[in-house]
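In mature numbering (1 follows the signal peptide of the UniProt record, and there is no 0), the protein residues as written are -24 to -1, 1 to 981.
A short write-up of the structure that comes next.
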Amino acid sequence: MSFHFSSSYFRFLLLVLFFRLCLSNNHFHDHVLCMDDERRALLDFKYGLIDETNRLASWVPEKDCCNWTGIVCDNITGHVHSIHLPATVPFDEYTTFRGDISPSLLYLKQLKHLDLSNNDFGGTRVPSFLGSLGNLRYLNLSRSGFAGTIPPQLGNLTKLRILCLGSFHDKLIDSYELTSMRNMKWLSNLRLLHHLDMSGVNLGKAAHWFQVINTLPSLAELHLSGSNLPNIHLHLASLNLTSLSLLDLSDNNFSNSYVPRWIFSTTSLVSLDLSWCNFHSMIPNSIGSFRNLTSLKFLHVPGNDFMNSSLVLQGLSSIGGNLISLDISYCGVESLVFDSLHNLTSLLSLDLRNNELTKTIPKSFGNLCNLRHFDLSGNYFLNISLTSLLESVFKCKSPRLESLFLKSTELSCHLPDQIGQLSFLRSLKLDWNHISGPIPYSIGRLSFLELLDLSNNQLNGSLPDSLGQLSNLIVLDLSSNLLTGVVTEAHFAKLTRLKYFRGMHNNLTLRPSHANWNPSFQLRVLSLNSWDLGLQFPLWLQTQRELEDLDISNTKISSTLPKHFWRLFPKLQFINMSQNQIEGRLFDIPAMLGLIDLSSNKFSGQLPQLANDSSPIILHLSNNSFVGSLHRLLCSYGHKSVESLDLAHNHLSGLIPECSLKWPRLKFLNLENNNLSGRIPRSLGSLSSLGSLNMCNNKLSGRLPVSIKNLTSLQILQLAGNELVGRIPAWFGRKLPSLKILNLRSNHFDGNITRELCHLTDIQILDLAHNNLSGDIPRCFNSFNVLSKKKKPTDNQLLFLQTGNIMGTAKLVTKGQEYTYSTILGLMMVLDLSSNNFSGSIPSELMALQALQSLNLSRNQLIGRIPENIGDLKVLESFDASLNQLSGELPMSLSRLSFLSSFNVSFNNLTGRIPSSTQLQSLNESSFFGNKLCGDPLTQSCGKVVPDRDQKEGDDGSHAADWGLIISIVLGFVVGFWAVVTPLMVGIIHKIAHFHFLRNLRHMF
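Dropping the structure here:
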């Protein structure tokens, strides 16, 4: 009993001692602060950073630094062991640190973990003093905007296990020098290194990079993606990387043609990524080497040229028991590849995108019943049905396929009912094919389906009600098909998870059976362009409080907007309600909207204001009935982010206010077809980003402001149909070098065209018609490099924002009629100088503008001949030189203009035969009226010229001089000369009488 008592007492004492220790430890930690010198060091480090979002708000001297954000201390000593301050997203301006890394970190003697990844240190160099933090085990500076050479002092960190120096250069490539390294020998000191990531570091001059890597026996993961590696060794005497499980050499354009043998000797490899390395095959005698990689689970080799797939991939079947992910997309492999894959029974993911596959999948492929992800997009399965293509997959007793991608495969078939057998499918993408017929009712059996994309096909018929049973569906895209019929709430019955619905460009009508239908989903994206939603604004739409992107353009809505419309959608960023008949006044536009397109409606009243801090990128209100001044919109708040403003085709009036300084990011401004008057404001010159300016068809007057010369980014300038006066400024050619379209048509500009205008080398459309310009047409127009085909257009779309082409429209006279061009405006090549007072001849230099499609010189005072080399304008479709004073014959080279469809030389002084060509003879007679021309298509025939006998003899080859003719000419000259001169030698009375006689004689005739 005594023993039992003593043992119990002993246990009691131990329990008391344990609690006292716990209390003392808690008491200790309640009072222990981090080391004073380490706290000061961290504060100095903080002061060197630019922390715009105050992420380090907890870093104040009054608090224990061990409790600061991102700081971890040793539980006993209190020394700082870890600084963990990565940004969430690389280069995110709202979360990243900038500034400098302070050397005060050297006071943190026990620092083991330093992570500053995803920040932006502005192209500075990696601090060399980091090499003195001798206790570091983990160093991550990847994607933090460092540049220059990596310091070799990092080789002193002999305790490092993980080193991440990979850079993210997408933002920096134009601004900073890429991070680089020439000598990698210092890496040999890091014998304990387990993980090395130098992706994106420029190793192009590190000739012995692999010999250095081969000295790291503990290395398990090696990431050298996109490192500009100069070469890769085919043979090695010995391989020390016995622990290497992950090798990523992707995105390196190796000069070798073969995948080296040593890779297949690294038997510990679990993951191998050789994507986009420009390999063509394995090295000789290494065929089948995959069988050595018995641990391999992930093999990714897309973007290599493996056309002879049967040899390259031989041996894959031998590792079929382990391989779970295989990516051989963009490799040029043919259908024979399937024969090398039939034993890969463990395969979960197979990516065969963009190859040369044309045949159905063989039955042996049915062994891959564990397959979860299968991507065959971008191949060529023309005239193959989906049923036959996937026959082996359908034959699996229990197919486990979760994602099937067949985008852009040229499938021309119906959707089979068997699609419902793939009951585990979560993603089905069949977009951009030629699939026709109805959507099968069996689609409703895919109860796990989360993504269904059938867009850009030829599906027809009505939507099956079974779509409403897809209770897990998140993304539904049926856009750009031929679907018809009525859609009701039954089609959405169980779609409680639906977030993205795109159904535009079909002929569908949405008619819920209940007016108060309240959908069970909350959408983020809804696009119903070209549906019939009825005359009233849909009530059910007002329940979608999560909407971010809404497109209900061209949906036949003709009512007014609901009261407090903008408040209904607090998260809305993009809205397109164009091409409806929506009436009433537009309420002031709130903040957070990125795109607003309300064009082609019946909005009236004053323009809206933009709310404070509003940030629309694009604001299109054209083709409405807005009235009044621009002042309310242009001079309101919240427009600093607007890049595109379209107010064309309204009833706006008054002066253009001097508020341009408030629109610093504006790239596109369209005010055409309004009633604006007064001068063009000088403040317009402050819009340094402006690329397109259209003020056509207003009542603007005065001269062009000199401040326009500051618009050096301007590509399109359209001021046609106004009352502008003065000369076309000489500085256009020097100060606006990017101009591609200059349209000053129908104004009152006068004077000559200066040679400086010829410096507009990128010009594609030059329209100066219907002005008072005079003088000669400059011969230097052949310096227009784009029109003369010396230079290709830099961008046929000219101006492009995230939402697409926004270059607007232009009215051009081509082929004798006025056309409005929009989508193909950037492809037009036009020179129109008609209806001015130009004189002199047509410069032959114009015939060097071989890209011209339309040339109009009509209604001027041009003289002389049409240049003989007009046939050099081989793509010319329209030529008009009517109502001038041109003479001579039509050039025979006109017959070479095979695209000519409009031609007019009427009312000149042209003579002779019309050249023979299919184009000229198919024209109307009116194209040649008012001349002395003959031949088809005119009724006036030219007749046959019959040579006289002497001509025939001459034609026989005598070519003898006609002395009779020569003597007659000489005698006539002598007699005529003395008949005039002799009377001048007599008295003045005889002279006067003689000239009176000659004058009377002239009047008689």
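Cβ coordinates follow ideal geometry from the N, Cα and C atoms, glycine included.
Quick check: Arg835 and Ser817, are their CB atoms within less than 9 Å of each other? In the sequence shown, the residue the question calls residue 835 occupies position 859. In the sequence shown, the residue the question calls residue 817 occupies position 841. Not closer than 9 Å, so no.
Which residue wins for smallest C-alpha separation from Asn229, given the options Ile239, Ile632, His171 and Leu200? As a working note, residue 229 is residue 253 in the sequence shown. Checking every option, the nearest Cα to that of Asn229 belongs to Leu200.
Among Ser653, Lys643, Leu676 and Thr125, the one whose alpha carbon lies nearest that of Gly661: The count along the sequence shown starts at 1 and reaches residue 661 at position 685. For the residues Ser653, Lys643, Leu676 and Thr125, the minimum Cα distance to Gly661 belongs to Lys643.
Candidates Leu90, His55, Val462 and Asn94: which alpha carbon is nearest Thr72's? If you number the sequence shown from 1, residue 72 lands on position 96. Residue Asn94 is the option with its Cα nearest to Thr72.
Which residues does DSSP pair with Ala786 in a beta bridge? Numbered from 1 along the sequence shown, position 810 holds the residue referred to as residue 786. Tyr797, per the DSSP bridge assignment.
My output table needs one value for His276: the three-state DSSP class, helix, strand or coil. In the sequence shown, residue 276 corresponds to position 300, counting from 1. Note: His276 maps to strand in three-state DSSP.
Please list, in chain order, all residues of the same chain as Trp162 whose beta carbon is under 7 Å from its beta carbon, the five residues on each side excluded. Residue mapping note: residue 162 aligns to position 186 of the sequence shown, counting from 1. Taken in chain order, the residues that qualify are Pro128, Leu130 and Gly131.
Could you pull out every unbroken beta strand (DSSP E) segment of at least 3 residues lying fully inside the stretch 324 to 406, listed in chain order? 325 to 327, 349 to 351, 379 to 381 and 403 to 405
Which residues DSSP lists as bridging Phe550, in chain order: Numbered from 1 along the sequence shown, position 574 holds the residue referred to as residue 550. Partner(s): Asp525 and Leu571.
With 16 other Cβ atoms within 10 Å as the buried cut-off, status of Gly917: Your numbering for residue 917 matches position 941 in the sequence shown. Sequence check: residue 917 is Ser here, not Gly. Exposed is the call here.
Just to confirm, are Leu526 and Phe497 a CB contact at a threshold of 9 Å? The residue you call residue 526 lines up with position 550 of the sequence shown. The residue you call residue 497 lines up with position 521 of the sequence shown. No.
For Lys539, is the classification buried or exposed, using 16 other Cβ atoms within 10 angstroms of its Cβ as the cut-off for buried? Counted from its first residue, the sequence shown places residue 539 at position 563. Answer is exposed; the Cβ neighbour count stays below 16.
Whole alpha helix (DSSP H) elements within the stretch 226 to 260, 4-residue minimum: none
For Phe725, the residue or residues it bridges with in DSSP: The residue labelled residue 725 in the question sits at position 749 within the sequence shown. Gly702, per the DSSP bridge assignment.
Closest Cα partner of Cys41 within the set Asp20, Ile572 and His625: The count along the sequence shown starts at 1 and reaches residue 41 at position 65. Residue Asp20 is the option with its Cα nearest to Cys41.
Which residues mark the beginning and the end of the beta strand (DSSP E) in which Tyr23 is found? Numbered from 1 along the sequence shown, position 47 holds the residue referred to as residue 23. Here Tyr23 belongs to no beta strand (DSSP E); instead the alpha helix (DSSP H) covers Asp12 to Gly24.
Taking Ser854 as the reference, give the member of Leu807, Ser820 and Ser863 with the closest Cα. Within the sequence shown, residue 854 is the residue found at index 878, counting from 1. Ser854 has its Cα closest to that of Leu807, out of Leu807, Ser820 and Ser863.
What are the partner residues of Asn204, as DSSP defines its beta bridges? Residue numbering aside, residue 204 sits at position 228 when the sequence shown is read from its first letter. Answer is none; Asn204 lacks a bridge partner.
Which residues in the same chain have their Cβ closer than 6 Å to the Cβ of Gly911, if we skip the five residues on either side of it in sequence? By one-based count along the sequence shown, residue 911 stands at place 935. For Gly911, where only same-chain residues beyond five positions count, the Cβ hits under 6 Å are Arg889, Ile890 and Cys918.
In this structure, does DSSP put Arg641 in helix, strand or coil? Within the sequence shown, the letter at position 665 stands for residue 641. Looking at Arg641 - three-state DSSP - the assignment turns out to be coil, as it is neither helix nor strand.
Own chain residues within Cβ distance below 8 Å of Leu777, not counting five before or after: Translated into the one-based positions of the sequence shown, residue 777 becomes position 801. Interpretation of Leu777 is limited by its pLDDT of 39, a score under 50 that renders its predicted location unreliable; the figure taken from the coordinates is listed afterwards. The answer, listed in chain order, is Ile593, Ile594, Glu619, Ser620, Lys643 and Phe644.
Do Asn505 and His481 come within 9 Å of each other at the CB atom, strictly closer than that value? In the sequence shown, the residue the question calls residue 481 occupies position 505. In the sequence shown, the residue the question calls residue 505 occupies position 529. In this structure, Asn505 lies closer than 9 Å to His481 by Cβ.
Measuring CB to CB, does Leu412 end up less than 9 Å from Asn432? To locate residue 412, count along the sequence shown from 1; it is residue 436. To locate residue 432, count along the sequence shown from 1; it is residue 456. The sequence shown places Ser at residue 412, rather than the Leu named in the question. Result no, Cβ atoms of Ser412 and Asn432 do not sit closer than 9 Å.
Residue burial classification, Ile52 (beta-carbon count within 10 angstroms, cutoff 16): If you number the sequence shown from 1, residue 52 lands on position 76. The residue is exposed, with fewer than 16 neighbouring Cβ atoms inside 10 Å.
Sequence-distant residues of its chain with Cβ nearer than 6 Å to Glu559 (five each side left out): Stepping through the sequence shown from its first residue, residue 559 is reached at position 583. Answer for Glu559: Thr536 and Lys578, listed in chain order.
Output needed for Thr363: all residues of its chain with C-beta closer than 7 Å, excluding positions within five of it in sequence on either side, in chain order. Start at 1 with the first residue of the sequence shown, and residue 363 comes out as number 387. Here the set comprises Pro392 and Gln394.
Length of the line joining the Cα atoms of Phe814 and Arg841: Here residue 814 is taken as the residue at index 838 of the sequence shown, counted from 1. Here residue 841 is taken as the residue at index 865 of the sequence shown, counted from 1. Each residue's alpha carbon lies about 15 Å from the other.
Expected contact under 8 Å - CB spacing of Leu404 and Leu425 to nearest Å: Position 428 of the sequence shown, counted from the start, is the residue given in the question as residue 404. Position 449 of the sequence shown, counted from the start, is the residue given in the question as residue 425. That pair is a contact at about 7 Å.
Indicate the three-state DSSP secondary structure (helix, strand or coil) for Val682 in the structure shown. Taking the sequence shown and counting its residues from 1, one reaches residue 682 at position 706. In this structure, Val682 counts as helix in the three-state DSSP scheme.
Do you know how far the Cα of Gly279 is from the Cα of Ala123? In the sequence shown, the residue the question calls residue 123 occupies position 147. In the sequence shown, the residue the question calls residue 279 occupies position 303. Taking the straight line joining both Cα atoms gives about 28 Å.
Helix or strand or just coil, what does DSSP make of Val36? Numbered from its first residue, the sequence shown carries residue 36 at position 60. Three-state result, Val36: coil.
Whole-angstrom distance between Thr887 and Glu844, CA atom to CA atom: Position 868 of the sequence shown holds residue 844. Position 911 of the sequence shown holds residue 887. Spanning the two alpha carbons is a distance of roughly 15 Å.
C-alpha gap between Asn343 and Leu272, whole angstroms: Along the sequence shown, one-based indexing puts residue 343 at 367. Along the sequence shown, one-based indexing puts residue 272 at 296. About 20 Å.
So, at 8 Å on beta carbons, what are the nonlocal neighbours of Ser384 in its own chain, with the 5 sequence-adjacent residues on each side left out? As a working note, residue 384 is residue 408 in the sequence shown. Closer than 8 Å at the Cβ level, and outside the excluded window around Ser384, lie Ser353, Gly354, Asp407, Trp408 and Asn409.
Three-state class that DSSP yields for Val762 in the structure shown: Within the sequence shown, residue 762 is the residue found at index 786, counting from 1. Reduced to three states, the DSSP call for Val762 is coil.
Val102: first and last residue of the uninterrupted beta strand (DSSP E) it sits in: As a working note, residue 102 is residue 126 in the sequence shown. Neither: Val102 is in no beta strand (DSSP E) and is coded neither H nor E.
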